[in-house]
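There are 2 protein chains.
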Amino acid sequence: MGCLISTKGRYALRIMIDLAGNGQGSYVPLKEMAERQDISLKYLESIMPNLIKSGLVSASQGRGGGYALSRPAEEYSIGEILKAAEGDLIPVACLADGYVCPRADSCRTLPVWKKLDGIIGDYLDRVPLSELLTEEETI
Amino acid sequence: MGCLISTKGRYALRIMIDLAGNGQGSYVPLKEMAERQDISLKYLESIMPNLIKSGLVSASQGRGGGYALSRPAEEYSIGEILKAAEGDLIPVACLADGYVCPRADSCRTLPVWKKLDGIIGDYLDRVPLSELLTEEETI
DNA sequence: ACAATTACCTACCATTTTGATAGGTAGATT
DNA sequence: AATCTACCTATCAAAATGGTAGGTAATTGT
């Protein structure tokens, strides 16, 4: 389909919203969230490590364990969540990390891609996670 | 990789730039452009119908034939070119044409996707093809 | 101590998309 | 008539996507 944001990012966002609804105090088991959000537990298990690695959530094993936000919801941008979940968030392969295009210095379109990337990043970094919460979830 | 714009869109843009360099008068054979741009002729052949369908270029068969811009370069936006080449240009599957999400009315993220889509479209629609031409190509 | 609960890890897999190739057909020009 | 050109159909390898399965290790309540 050619999408910037896949289920990885979308599901991660829903998990973060779910976690925000629970507050920071206690841990929420992934199984609960999988059922609540109607997403495969096993698939979610493959996404969570990305959020852990980026320090967005903390986890605790064993009974009473689960996941929890590591900061208040207002202090997250959805940009950083999507970036963590997806690995990268680029509109065009030319901008891939580590990729050096042989046509780069004569390429007339590269500046446009960079600008586009900037615009997308700016917007997503400006939307706080808390903006996605309903009143009940915020309380 | 998770990209909004694939080679289809990027190659289409390079073809349009190449065509703009030739002016509107005569037709340019695809074979020439494939060699000049170092892109597989056969692959380009699969992209051109999209540009034809959207009325961005006109074609002529037979000797002396090829492709030509159907308007002056200033009157194209790169947004419409990319959209024609890619088929659609959406940042997230939720916005796919004809897709109706069951969670749509309670979804907290959908407004963000729509806004993002708007931002991307606005930018790309505002960049004219002529902005990608060098001085020589513009003459 | 032990059983239950939980995250975490590795491997696998079906489907779709991407990027491309191959060969042939039909129309236009010299 | 010969040639050049777009156009059409089929095929294909590799990668990404979205998901499944089974097991291991850490923690906790009882």
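Top to bottom, those sequences are chains A and B.
In terms of our numbering, the first sequence has 48 at position 48, counting the first letter as 1, and numbering is strictly consecutive.
Each position in the second sequence, counted from 1, maps to that position plus 1000 in our numbering.
Where a beta carbon is used, it is the ideal one built from N, C-alpha and C, also for glycine.
Residue i - containing alpha helix (DSSP H), residue span
i                  : result
Tyr11 of chain A   : Thr7 to Asn22
Ser46 of chain A   : Leu41 to Lys53
Ala1034 of chain B : Leu1030 to Gln1037
C-alpha distance - residue i paired with residue j, whole-angstrom precision
i                  : j                  : result
Lys42 of chain A   : Ile1015 of chain B : 44 Å
Thr1109 of chain B : Tyr67 of chain A   : 21 Å
Val1092 of chain B : Asp1117 of chain B : 8 Å
Ile1047 of chain B : Ser1040 of chain B : 11 Å
Gly62 of chain A   : Arg126 of chain A  : 36 Å
Arg1036 of chain B : Lys1114 of chain B : 39 Å
Ser77 of chain A   : Cys1094 of chain B : 20 Å
Glu1080 of chain B : Ile120 of chain A  : 19 Å
Thr1034 of chain B : Tyr99 of chain A   : Looking at the sequence provided, one finds Ala at residue 1034 of chain B rather than Thr. Rounded to the nearest angstrom, the two C-alpha atoms are 23 Å apart.
Asp38 of chain A   : Tyr1123 of chain B : 36 Å
Gly64 of chain A   : Leu44 of chain A   : 19 Å
Val1112 of chain B : Glu131 of chain A  : 10 Å
Lys75 of chain A   : Ser60 of chain A   : At residue 75 of chain A the sequence reads Glu, which differs from the Lys that was named. Going by the C-alpha atoms only, they are around 22 Å apart.
Neighbourhood of residue i by C-beta distance below 6 Å, restricted to the same chain and skipping five residues each side
i                  : result
Ala1084 of chain B : Asn1050, Leu1051, Ser1054 and Leu1056
Asn22 of chain A   : Val28
Own chain, CB closer than 7 Å to residue i, minus 5 neighbours either side, in chain order
i                  : result
Ser70 of chain A   : Gly55, Leu56, Val57 and Ser58
Lys1031 of chain B : Leu1041
Beta-carbon proximity of residue i to residue j, cut-off 8 Å
i                  : j                  : result
Cys1107 of chain B : Gly2 of chain A    : no
Leu1129 of chain B : Ala1012 of chain B : no
Ile17 of chain A   : Leu133 of chain A  : yes
Gly1009 of chain B : Leu1082 of chain B : yes
Asp97 of chain A   : Asp88 of chain A   : yes
Residues sharing a beta bridge with residue i, DSSP
i                  : result
Ala59 of chain A   : A:Tyr67
Ser77 of chain A   : A:Pro128
Val1092 of chain B : A:Ile5
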